[in-house]
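One rule links them: number in my numbering = place in the sequence shown (from 1) + 3. For each residue, glycine too, the CB sits at the ideal point set by N, CA and C. These numbers come from a predicted model, not from an experiment. Contents: one structure, followed by commentary.
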Amino acid sequence: MNTLRLKNMKIFAYHGVNNYEKKFGAEFQIDLEITYDNNKSFISDKLKDVINYEEVYVDVEYCVKENKYNLIEALAEEILNFIMLKYTVVETSVVRVRKPFAPIKGIFDNIEFEIAKKRSDYE
Numbered sequence: 004m005n006t007l008r009l010k011n012m013k014i015f016a017y018h019g020v021n022n023y024e025k026k027f028g029a030e031f032q033i034d035l036e037i038t039y040d041n042n043k044s045f046i047s048d049k050l051k052d053v054i055n056y057e058e059v060y061v062d063v064e065y066c067v068k069e070n071k072y073n074l075i076e077a078l079a080e081e082i083l084n085f086i087m088l089k090y091t092v093v094e095t096s097v098v099r100v101r102k103p104f105a106p107i108k109g110i111f112d113n114i115e116f117e118i119a120k121k122r123s124d125y126e
């Protein structure tokens, strides 16, 4: 198995519990990690033999922008399910959603939620 990672995708969206977050939005940072067998591409050197990461980025952006969620946990689950259902060659997937500007008192870099699933979770 081989791993493809898209790290720190920055997407502006309107998720959150507070009305302020829903009205004005904020930046969300997304990491996606997928494992699959792409050994054929080592020989062919053809895009058709891999998961196109530009397409994956567009899919993640769609998931983040299409719906509004109160919780980053629900957003992470949506992204993960979308990827696992669309790309059936994916064996495992990990999604991290970070909220760097969470409206809480305190000093922190970000709030992050991580979810992981494997193909057998969908059988």
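Take K25, set aside five residues on each side of it, and the residues of its chain with a beta-carbon closer than 7 Å to its own are Y17, G19 and K71, in chain order.
The C-beta distance from Y60 to L7 rounds to 11 Å, too long to fall under 8 Å, and the pair is not in contact.
Counting only the Cα atoms, D34 lies some 8 Å from V97. In this structure, the CA atom of L78 is about 10 Å from the CA atom of F31.
The three-state secondary structure of D52, taken from DSSP, is helix.
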